[in-house]
Every structure is written in structure tokens, then in C-alpha cells.
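Under the working numbering, the first residue of the sequence shown is numbered 229, with each subsequent residue one higher.
Heads up, the thing below is written out as C-alpha cells.
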Amino acid sequence: MSETCIFCKIIKGEIPSKKVFENEEILAFLDINPITKGHTVVIPKNHYETILDLPEGEMQKFFSALKKVASMIKKNLDADGFNILQNNFKAAGQEVPHMHFHIIPRMEGDGAIKFPPQMDVDSEYLENVLKEIKS
Ligand code: AMP
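Printed below as a string of C-alpha cells:
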């Protein structure tokens, strides 16, 4: 637990939340500023800043809960689909430094989230990037 973390305060009940799912290790609650109806945030109860800090041993339970909540949302909100988003570090748009996944229900044609423009690159470019990643 972190004393200053908003999500730790939600876990402790110091800040109210609309809980979608809870077990001993995981909490899912409605995002206070939803992108679409039912936008939900899923967090481990232990405080980890980014996904790189999430211990291997906690991954299975976390992803199992994430899938369960996504399935609940898809079915009960009759969503046509959903996005799962996860931001790590400020540069990637992470505002709350407590590892979390967003589940964003989607309806056909809602236009809520789109990929930004993608690069047109050649095979040599990809080969060089691959070398860099694997170095
Ligand atoms: P991120 O930008 O990935 O760190 O997302 C943090 C998310 O937490 C944002 O979508 C916020 O709207 C959401 N959020 C912040 N404070 C609260 C809160 N008290 N209750 C519910 N959601 C929150």
C-alpha cells in the first residue's frame, strides 16, 4: 500500500468507488470519467507502479479476474466489443501510478477510440528495430 496513491485509498475505502468486482487480490471499479458506458478499471490490491513491477506469481490471478470482468461487462451491457488498455509511465499517459487495466465497452460505430495514424515502413526498418529490441 502507498499512503499517497488514489487507488490504494479506494482499496482502503478512504475514497468511494463503484465496485464491479472484488476478491482478495483484485478490485474492479467504474472509471470516474468514463470513455464509454461501463468503462472499468481493474487493479491488483498490492501497489505496483507499472506492469513491469507485477510479480510473475500474481499474473495468472490478475488476468483471470480481468477476463472475468471483461466477460461480465460484454454480456450484461450487451456490448458489441471492448478495448483493454494499459498505460505505463507518464510518457504513455499513465496518470495514476498504480498498475491498472482499462476495460472500455464498445458499440458498433461509436467511434470512441481509434489508433493514431500508423507509419508506412519497409522491411529493412522493421529488421533494424527487431535487432534493437533483441540486443
Ligand atoms: P491512466 O491514465 O491509465 O493512469 O488512468 C487513470 C484512470 O483513473 C483515469 O481514466 C481516471 O479517470 C481514473 N480515475 C482517477 N481517479 C479515480 C477515482 N477516484 N475513481 C475512479 N476512477 C478514477
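Ideal Cβ positions, reconstructed from N, Cα and C, are used throughout, including at glycine.
- The region 250-261 makes no contact with the region 351-358: fewer than 3 CB pairs, one atom from each, lie closer than 8 Å.
- Leaving aside the five residues that flank GLY309 on each side, the residues in its chain whose CB is nearer than 6 Å to its CB run, in chain order, ARG334.
- When PHE343, VAL357, LYS342 are compared, the shortest CA-CA separation from VAL349 is found for VAL357.
- Shown here, PHE343 sits in coil according to DSSP, grouped into three states, outside any helix or strand.
- Judged by beta-carbon spacing, ILE312 lies within the 8 Å limit of ILE331, meaning their Cβ atoms are closer than that value.
- Judged by pairs of C-beta atoms under 8 Å, the region 313-331 touches the region 267-282, as three or more such pairs exist.
- Counting every other CB atom within 10 Å of its CB across the protein chains shown gives PHE290 a total of 16 or more, marking it as buried.
- By the neighbour-count criterion, in which a residue is buried when 16 or more other Cβ atoms sit within 10 angstroms of its Cβ, PHE317 is exposed.
- Here ILE279 has GLN314, ASN316, MET327 as same chain residues with Cβ atoms under 8 Å from its own Cβ, once five neighbours each way along the sequence are excluded.
- A residue is called buried once 16 or more other Cβ atoms fall within 10 Å of its Cβ, and ALA307 is buried on that count.
- In this structure, the CA atom of LYS302 is about 33 Å from the CA atom of THR232.
- DSSP places ASN311 within a strand segment (E or B) once states are collapsed to three.
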